[in-house]
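Sequence lines, in order, name chains A and B. For the first sequence, the positions run 5 to 205 when the working numbering is used. For the second sequence, the positions run 5 to 205 when the working numbering is used. Positions of the beta carbon are idealized from the N, C-alpha and C atoms, including for glycine.
There are 2 protein chains.
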Amino acid sequence: MKEKPSASERRALVRGEPVVRGVLAATLEELAEVGYEALRIEDVATRAGVNKTTVYRRWPTKQDLVRAAFRSITVDRAVTPDTGSLRGDLIVIARHIATQASSPELLGLRRLLFAEDRDADLVAIAQSIHESMEALPRPVIEAAEARGELAPGIDATLIFRSLAATIHHRLGLERRPIDEGFLAGLVELLLVGALAPDKRA
Amino acid sequence: MKEKPSASERRALVRGEPVVRGVLAATLEELAEVGYEALRIEDVATRAGVNKTTVYRRWPTKQDLVRAAFRSITVDRAVTPDTGSLRGDLIVIARHIATQASSPELLGLRRLLFAEDRDADLVAIAQSIHESMEALPRPVIEAAEARGELAPGIDATLIFRSLAATIHHRLGLERRPIDEGFLAGLVELLLVGALAPDKRA
C-alpha cells in the first residue's frame with residue numbers, strides 16, 4: 005500500500021498519463037501481433053516511443069504490463085449505474101457489455117486468451133481480471149439490497165456473471181446479433197426466473 | 005431430403021461408421037494443427053488412411069466436412085434428460101456441459117473459432133451448430149410445458165443458452181473450477197430469478 009501521493013507526485017502522475025496510455029495501447033498492439041509468449045518489453049517500448057526503463061519502472065514484469073493493458077480495456081472501462089432499480093441498472097450494464105464485447109480490443113484479447121490458453125501467466129492474468137470484474141457490481145448489489153430487491157440467499161454476483169457470459173457467448177460463439185429485445189429478455193429471466201409462479205417452492 | 009435408405013444402403017452406412025468416425029477425428033486433428041483456412045481434404049484423407057474420394061463422396065466441400073466434425077463433438081454428444089422436473093433436467097444438462105466444456109476436443113474447437121473468427125465459412129458453421137444446439141432441448145421444454153412448469157411468455161431456449169454460456173465463461177475465460185454447488189446455484193437463479201418475492205410485478 006502506498007501513502008497518498010504528494011502534490012508534486014500527483015502532478016507527475018498526471019503528466020505521466022499519456023505515456024501510460026501510449027504504453028498500454030502499444031502492449032495491446034504487440035500482443036495482437038506476436039501473442040503473449042513472444043512479447044518483449046523492449047518491442048513495446050519501441051512501439052510506444054519511450055525508453056524501456058520507463059516501462060520497467062512502472063510495470064516491473066511482462067505479466068504486470070499485460071495485466072495493466074487488459075485492465076485498461078475491461079475493469080477500467082466498466083460502468084456502475086445507479087438508476088434506482090436493479091432492473092434499470094442491469095439494462096444499462098447489459099447494453100454496455102454488448103457494446104464493449106464487439107470492440108476490436110476485446111475481440112483481440114479473447115483471441116489471445118484462447119490461442120494461448122495453456123500459458124500459466126495468461127491464466128493467472130485472466131483470473132485476476134475476473135476477480136476484479138466480480139468486485140465491480142458491488143455498489144449495484146448494495147443498492148439493490150438496500151431497496152430490499154434481492155431474494156434471500158441469492159448469490160448476487162452470479163447475476164452479473166450470467167449476464168456477461170450470455171451476451172459474450174451470443175456474440176462470440178453463436179455469432180448472432182444482439183438487440184434491445186434480447187437484452188430485456190435476458191435481464192427479465194435473471195430477475196424473475198423461468199418457473200411458473202405456482203411451481204415455486 | 006433423401007428417401008429412406010434401402011436395406012443394403014443401411015448395411016453400407018453401418019459398415020461405413022468406423023470410416024466416418026476416423027475421417028471426422030482426422031479432421032479435428034488436422035484443424036488443431038493447421039487451422040481452417042489451411043485445411044486440405046487430401047491431408048485429412050491421408051491422416052485417416054482413406055481415399056480422398058471417400059471423403060468427397062460424403063462431404064462434398066471442406067465446409068461440410070468441418071461442420072460434420074464439429075457436430076460430432078457438440079450436437080451429436082448432447083443429452084436429453086427426462087427426470088420428471090425441469091430442475092432435474094437442467095442439473096443433468098449443466099453437469100454434462102461442464103464435463104464436455106473441459107474436453108480437449110472442445111477446447112481445440114473454441115481455440116479455432118476465436119483464432120479464425122473473421123473467416124466467413126467458420127462463422128457460418130458456428131451459426132449452424134448453434135441453431136442445431138438450440139433445437140436440442142425442445143423435448144425438455146415441451147415436457148416442462150406439459151407439466152405447467154414454465155412462466156407464461158418465457159423464452160425457454162434462453163434458459164439453456166444462459167446455462168451453457170455461464171458454464172463455458174467460467175471455465176474458459178474466468179478459468180475457475182466448477183462444482184455441484186455452482187451448478188445448483190446457477191440452475192436456481194435461472195428457475196426462480198434474483199428478485200425478492202414481494203418485488204415481482
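Pick from the options that is closest to residue i, judged by C-alpha positions
i	options	result
B:A42	B:L167, B:P22, B:K66	B:K66
A:Y40	A:D125, A:T78, A:Y60, A:A29	A:D125
B:E153	A:L94, A:G197, A:G189	A:G197
A:R204	B:A155, B:T161, B:R174	B:A155
B:A188	B:E21, B:I77, B:V96	B:V96
B:N222	B:D80, B:R81, B:V23, B:V79	Absent from the model: residue 222 of chain B. The displayed extent of chain B is 5 to 205, so no value can be given.
A:E178	B:M137, B:G185, B:P143	B:M137
B:E184	B:T103, B:D68, B:L32, B:T31	B:T103
B:A82	B:R44, B:H134, B:I158, B:T58	B:H134
B:V144	B:A128, B:A130, B:E120, B:T161	B:T161
B:A200	A:G157, A:L94, A:A200	A:G157
A:V191	A:D86, A:A119, A:T57, A:R99	A:R99
B:D202	A:R151, A:F186, A:S107, A:E146	A:R151
A:R142	A:A128, A:L94, A:T57, A:I129	A:L94
A:D68	A:A130, A:R165, A:P108	A:A130
A:P108	B:L117, B:E109, B:I101, B:D121	B:D121
B:I101	B:L117, B:V79, B:D86	B:V79
Integer Cβ distance of residue i from residue j, believed to fall under 8 Å
i	j	result
A:I171	A:I182	6 Å
A:V48	A:E37	Contact flag wrong, Cβ pair sits at about 11 Å.
A:L4	A:T84	Here chain A has residues from 5 to 205 only, and residue 4 of chain A is not among them.
A:L175	A:A105	5 Å
A:I77	A:V59	Rounded, the Cβ-Cβ distance is 18 Å, inconsistent with contact.
A:A169	B:A169	4 Å
B:A119	A:A119	6 Å
A:H173	B:R165	7 Å
Enclosing alpha helix (DSSP H) for residue i [first to last residue]
i	result
B:V191	184-196
A:D93	90-105
A:A128	124-139
A:K56	56-62
A:K66	66-77
B:E41	First-last for B:E41: undefined, no H or E at that position.
B:R146	First, the amino acid is wrong: residue 146 of chain B is Glu here, not Arg. Counting along the chain, the alpha helix (DSSP H) containing B:E146 begins and ends at 142-150.
B:P108	108-119
B:G176	160-176
Residue i at chain E interface by Cβ criterion, 9 Å
i	result
B:P201	Of the protein chains in this structure, namely A and B, none is chain E.
Partners in chain A for residue i, counting only beta-carbon separations shorter than 8 Å
i	result
B:I158	L193, A198
B:A119	R115, F118, A119
B:L111	D121
B:S136	Neighbours of B:S136 on chain A: none; closest Cβ ~11 Å, over 8 Å.
B:S107	Here the premise fails: no neighbours, minimum Cβ distance about 13 Å.
B:A52	Near B:A52 there are no residues of chain A at all, since even the closest Cβ is about 26 Å away, more than 8 Å.
B:A147	Those within 8 Å of B:A147 in chain A number zero; the least Cβ separation is about 13 Å.
Listed by chain order, chain B residues near residue i by CB distance under 9 Å
i	result
A:A42	Those do not exist, as A:A42 stays about 15 Å from chain B at its closest Cβ, beyond 9 Å.
A:L154	A198, L199, A200, K203
A:G189	I158, D159, L162
A:A30	Within 9 Å Cβ-Cβ: nothing; A:A30 doesn't reach chain B, min ~23 Å.
The ligand FMN heavy atom lying under 8 Å from the CB of residue i
i	result
B:K203	You won't find the ligand FMN in this model; it holds no ligand whatsoever.
Per-residue contacts from residue i into chain B (C-beta, under 8 Å)
i	result
A:Q104	Simply none; closest approach about 14 Å.
A:I163	L193, A198
A:H100	Near A:H100 there are no residues of chain B at all, since even the closest Cβ is about 17 Å away, more than 8 Å.
Residues that residue i contacts on chain A, provided the C-beta gap is smaller than 7 Å
i	result
B:V127	R179
B:S132	None at all; the shortest Cβ gap to chain A is about 10 Å.
B:A139	Here the premise fails: no neighbours, minimum Cβ distance about 13 Å.
Neighbouring residues, chain B, relative to residue i (Cβ below 7 Å)
i	result
A:L84	A small fix is needed here, since residue 84 of chain A is Thr in this sequence, not Leu. Ordered by position in chain B, no residue passes the 7 Å Cβ test against A:T84, which lies about 18 Å from the chain.
A:A36	Correct list: empty, because the minimum Cβ distance to chain B is about 12 Å.
- Touching or not, the stretch 177-195 of chain A and the stretch 90-102 of chain A, by the rule of three or more beta carbon pairs under 8 Å? yes
task: Take every Cβ of the stretch 62-76 of chain A, pair it with every Cβ of the stretch 24-31 of chain A, and state whether three or more of those distances are shorter than 8 Å.
output: yes
### Query
Per the contact definition of three or more C-beta pairs closer than 8 Å, is the stretch 66-85 of chain B in contact with the stretch 109-120 of chain B?
yes
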